[in-house]
Every structure is written in C-alpha cells, then in structure tokens.
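Take a look at the structure below.
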Amino acid sequence: MKWTNALKDYQLYLKIERGLSQNSIDSYTRDVEKLLSYLESHDINVSPVTITTEIVQQFIYEIAKILNANSQARIISGLRSFFNYLIFEDYIKLNPLELIESPKTGRKLPDTLNEADINKLIAAIDLGKPEGERNRAILETLYSCGLRVSELITLKISDLFFDEGFIKVTGKGDKQRFVPIVPSTQKYINIYRNEIRCFLNIQKDYEDTLFLNRRGKQLTRAMIFTIIKQLAEKTGLNKRVSPHTFRHSFATHLLENGADLRAIQLMLGHESITTTEIYMHVDKTHLKHVINSFHPRQ
Numbered sequence: 002m003k004w005t006n007a008l009k010d011y012q013l014y015l016k017i018e019r020g021l022s023q024n025s026i027d028s029y030t031r032d033v034e035k036l037l038s039y040l041e042s043h044d045i046n047v048s049p050v051t052i053t054t055e056i057v058q059q060f061i062y063e064i065a066k067i068l069n070a071n072s073q074a075r076i077i078s079g080l081r082s083f084f085n086y087l088i089f090e091d092y093i094k095l096n097p098l099e100l101i102e103s104p105k106t107g108r109k110l111p112d113t114l115n116e117a118d119i120n121k122l123i124a125a126i127d128l129g130k131p132e133g134e135r136n137r138a139i140l141e142t143l144y145s146c147g148l149r150v151s152e153l154i155t156l157k158i159s160d161l162f163f164d165e166g167f168i169k170v171t172g173k174g175d176k177q178r179f180v181p182i183v184p185s186t187q188k189y190i191n192i193y194r195n196e197i198r199c200f201l202n203i204q205k206d207y208e209d210t211l212f213l214n215r216r217g218k219q220l221t222r223a224m225i226f227t228i229i230k231q232l233a234e235k236t237g238l239n240k241r242v243s244p245h246t247f248r249h250s251f252a253t254h255l256l257e258n259g260a261d262l263r264a265i266q267l268m269l270g271h272e273s274i275t276t277t278e279i280y281m282h283v284d285k286t287h288l289k290h291v292i293n294s295f296h297p298r299q
C-alpha cells in the first residue's frame, strides 16, 4: 500500500464518515505529511503497513528538537488517528503509536474579557460607517451566543428563530444545535438586516447568508479576526483578543453567574463535558457559593 493512496482514502474517511471540516482534514493531513517528509529526508523506504514503532519514535525524537510539547502532542494525536483508520480498514493489526506517549502539555486556560472590556470594544465601533451596524451585530452575536467563528460566518437567515428565542447553529462535523439568543442581540441583527444588508448587491448563493461583506459575499474567518483586532487596538485593550475570546467570555460569565455546566456544554456544542470543565478555573468564589448554597454541611 502506497502512502499517497492511504492518505487519499484517509481524507475521504475524515470527510464522509467523520464529517470533519476541510480545516480539520487539512490539519490531520499535515501530521501525516510531516512523517512522510521525515522518511524521505532520511531515505527510509517503508509503507504505511510496514512502518514500525521504532521508526515513528525516531521521527518524534527529531520533531521534539524543534517543536514545543503542544505541537508534538498534536502530531502524535494525528498520526495515531491515521493508523487507527488503517486498523479499522484491516490494513494493519497494531498501531505503531500504541506505546508512544504524548508529552505532558498542561491545560492552557482560555483568555477572557470582562463585561467592561466587551462593552468598550462594542462602543468603539463606528456606527457612522455602513459596516458599523454589521460589526456590532457580529460582536453581540459572538458574545451572547458563544459561537465559533466558523459558525458565525456560516449563520443563515433561515437559522434565525427569533419568535422562539433561538438560532440554529451548525458546528463541527455538521452537527446542529439550538442556542438561545437574547432580545438585545436580536434587535442589533434586525437593525443590520433592515438598514444595511437589504441594500447590498447580494451575490448568487449568498442570499441566505446573514453576515456579508460589502461585495455581498460571505465574510471570511480572517475578516472577523481583523475586525476584532482593530477594535482592540483602537481601545488600547492590552489583551490578546480574537473571536474565540468572546466564546470563552460567554462561557465564563455564564458559569460565574451560576449557570449549570451541562447547559453551557450544550450551548457551546462541546461533545464532551471535560472540554467544558476548563471554564471551572474562572472564579473560585463561584465554587464557594455552590458549596455554601447546596452542601448539607454548610
């Protein structure tokens, strides 16, 4: 079996069977390609079926010289997934990474903004410009619904169920969930739709896309990052701010105000509750409040 054939089949599996986005597929592909590059540069002639744990271990020793623990763990995880696929398809019996441990990386706590920071960023938007109302609606949606940037830019008008107080969000693996949307955010979205969006020359295939650029096409991920970065610079906010910061802040503020972790998990679209548990760091006073309120020995 050739590497090119195995990789092509693996990509198809990730897309069709696992329903991953193209960004995720590209990321998994790069992990395998790094191993291939190592094999070629060291003139090691093995196939995906004949590669050994020792060869993979040598590859990991090499990348450990130039990559940090997080990057190493990412590649090991990607390779483990690739060889698990080969086991699934009965090409091999054992995963060559079975006994290889990922480096301990520690869990990075997400950056968050307080409510004053968020209000300052939104207040810095120039509503005198046509894109101003759109940008305000974007930031309000990111913060009040806890969306990923990919979920925001693909949000459809047909996904808005304002009468019921929800929006339908398509997340990772095309999994859909309903997220509550507060009246104030609904108001800003409606202002954008009725005063700005309706006057755009909307291009074919984007008639149902909510947030559009001035040419009437879907916004890119990079554009959302740029909008937020420019606002952070304008306000002199001395923090690293990205679209994901609003998502982290959404979850953090909900938890601080007593929201149930399971409810936050559902709204964020986390497959595992352990992913959501990272937000438990945010406010130790909240944890004391839980004990004082609910423990029988308070």
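Throughout, our numbering is defined as the position within the sequence shown, counted from one, plus 1.
Glycine is no exception: its CB is placed at the ideal position from the N, C-alpha and C atoms.
Following the DSSP letters along the chain, one finds residue 178 inside the beta strand (DSSP E) bounded by residues 177-181. The DSSP-derived three-state label of residue 168 is strand.
For residue 219, DSSP records a beta bridge to 213.
In this structure, DSSP gives residue 36 a helical state, which the three-state scheme calls helix. Per DSSP, residue 198 lies in no alpha helix (DSSP H) segment and is marked neither H nor E. Shown here for residue 219: same chain residues with a beta carbon closer than 8 Å to its own, the five before and five after excluded, namely 154, 155, 207, 210, 212, 213 in chain order. Counting of Cβ neighbours within 10 angstroms places residue 129 among the exposed residues, the total staying below 16.
For residue 166, the closest of 172, 182, 225, 176 by C-alpha to C-alpha distance is 182.
Here residue 233 really is in contact with residue 122; their C-beta atoms are around 7 Å apart, less than 8 Å.
With respect to the 8 Å criterion, residue 11 and residue 60 are not classified as neighbours on the basis of their beta carbons. The alpha-carbon separation between residue 176 and residue 196 amounts to approximately 32 Å. Look at the beta carbons and you see the region 91-105 not touching the region 231-245: under three pairs across the two are nearer than 8 Å. Counting along the chain, the unbroken alpha helix (DSSP H) around residue 9 starts and ends at 4-17. The alpha-carbon separation between residue 2 and residue 257 amounts to approximately 53 Å. Sequence-distant partners of residue 274 (beyond 5 residues in either direction) whose C-beta falls short of 8 Å from its own C-beta, in its chain, are 262, 263, 266. In this structure the region 26-40 does not touch the region 188-202; the number of beta carbon pairs closer than 8 Å is below three. In the three-state reduction of the DSSP assignment, residue 163 falls in the coil class, being assigned neither a helical nor a strand state.
Distances from the alpha-carbon of residue 230 to those of 216, 247, 215, 217 put 247 closest. In the DSSP assignment, residue 271 falls outside any alpha helix (DSSP H), carrying neither H nor E. For residue 73, the uninterrupted alpha helix (DSSP H) run begins and ends at 70-89, by DSSP.
Following the DSSP letters along the chain, one finds residue 145 inside the alpha helix (DSSP H) bounded by residues 131-146. Taking a cut-off of 8 Å on C-beta distances, the region 7-25 does not touch the region 51-71, as fewer than three cross pairs fall below it.
Note on geometry: alpha-carbon atoms of residue 94 and residue 19 lie some 21 Å from one another. Taken atom to atom, the span from the alpha-carbon of residue 23 to that of residue 193 is near 30 Å. With respect to residue 136, residue 228 sits close: the two C-beta atoms are nearer than 8 Å.
Taking a contact as a CB-CB distance under 8 Å, the pair residue 76 and residue 27 does not count as one, their CB atoms being some 14 Å apart. Residue 230 carries a helical assignment under DSSP once its states are collapsed to helix, strand and coil.
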